[in-house]
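The opening residue of the sequence shown carries number 297 in the working numbering; numbering runs sequentially from there.
Beta carbons: idealized from backbone N, C-alpha and C, even for Gly.
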Amino acid sequence: MTRKEKAEYVINELEKLYPNTPIPLDHQDAYTLLIAVLLSAQCTDKRVNTITPILFDRASTPHEMIRLDVDEIKQIIRPCGLSPRKSKAIYDLSQIIIDKHNGEVPDNYEDLEALPGVGHKTASVVMSQAFGEPAFPVDTHIHRLMYRWGLTNGKNVVQTEKDAKKIFPRETWNKLHLQIIFYGREYSPARSPKLSVDFITREVGRKSVLKEYKE
């Protein structure tokens with residue numbers, strides 16, 4: 297298969313599997329999504345979704361958040377890990393959103409990525425899921441599967457994002473990146489993947505990857 301043929305196959309099969317793609321992180325608006333995505337670094341979405349209701353009950357806007365002190369935020373989000381760093385980032389970015397953006401989450405990459413604790417992937421998720429801007433946030437599942445499927449060289453997530461945007465039509469990005477994540481979790485895990493289950497890799501996987509698979 298050519299890369300183009302592989303991409304078409306992936307799109308078609310994932311659309312059959314996941315016609316609906318609910319956003320994994322529970323949120324109410326752009327601000328609560330931003331906070332949830334920040335918390336999800338090195339933490340499962342499931343755990344984040346158990347913590348954010350507690351946090352957002354106390355503070356669900358930038359103005360409410362800065363009424364808490366950093367230590368209060370840290371105690372609430374501790375189960376998500378990296379709480380000292382994340383709590384300071386949440387407090388500081390909330391203050392910046394008030395001071396520089398009239399209390400509203402900015403809807404562009406430059407301003408988002410200037411916020412403490414917000415990298416390109418977090419900004420991409422917010423642009424895609426809060427503002428509907430076509431984006432292709434690359435997480436570990438997407439990075440792994442794009443390589444397994446021979447759609448990127450796998451050098452780094454920056455290259456994987458470029459390759460994904462090049463090979464998949466722009467209008468598919470927002471839904472497709474979630475579909476790939478769902479597929480990775482359900483059918484193609486990082487450890488001990490099985491070709492009997494992982495049918496997309498069985499069909500389009502690169503030869504070097506197929507040799508390593510357990511039947």
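Pick helix, strand or coil for residue i, following the three-state DSSP scheme.
i	result
K451	coil
Starting from residue i, follow the alpha helix (DSSP H) in both directions and report where the run begins and ends.
i	result
N404	Unbroken run through N404: none, as it is neither H nor E.
W469	W469 to Y483
K503	K503 to E508
F495	F495 to V500
D367	V366 to I373
K300	R299 to L313
L378	Here L378 belongs to no alpha helix (DSSP H), and DSSP marks it neither H nor E.
K248	Not covered by the structure: residue 248. The range shown for the chain is 297 to 511.
H359	P358 to M361
I319	Here I319 belongs to no alpha helix (DSSP H), and DSSP marks it neither H nor E.
P349	D341 to R354
A431	Premise fails: A431 is in no alpha helix (DSSP H) and is neither H nor E.
Does the distance from the CB of residue i to the CB of residue j come in under 7 Å?
i	j	result
P433	K417	yes
P412	L378	no
L321	A332	yes
L329	C376	no
A303	F478	no
R444	G501	yes
F427	D403	yes
I386	P358	no
A326	V421	no
T497	S484	yes
E456	T468	Correcting the residue identity first, residue 456 is Thr in this sequence and not Glu. In this structure, T468 does not lie closer than 7 Å to T456 by Cβ.
Taking 7 Å as the limit between beta carbons, can you name the residues of its chain near residue i, skipping five residues before and five after?
i	result
S383	V366, I369, K370 and I373
E499	Y305
Leaving aside the five residues before and after residue i along the sequence, list all residues of the same chain whose C-beta is less than 6 Å from its C-beta, in chain order.
i	result
K471	T317
V414	L408
Y314	Q475 and F478
To which residues of the same chain is residue i closer than 8 Å at the C-beta, ignoring the five residues directly before and after it?
i	result
Q324	F352 and S356
The segment 435-447 contacting the segment 461-481, beta-carbon criterion three pairs below 8 Å: Segments in contact, yes.
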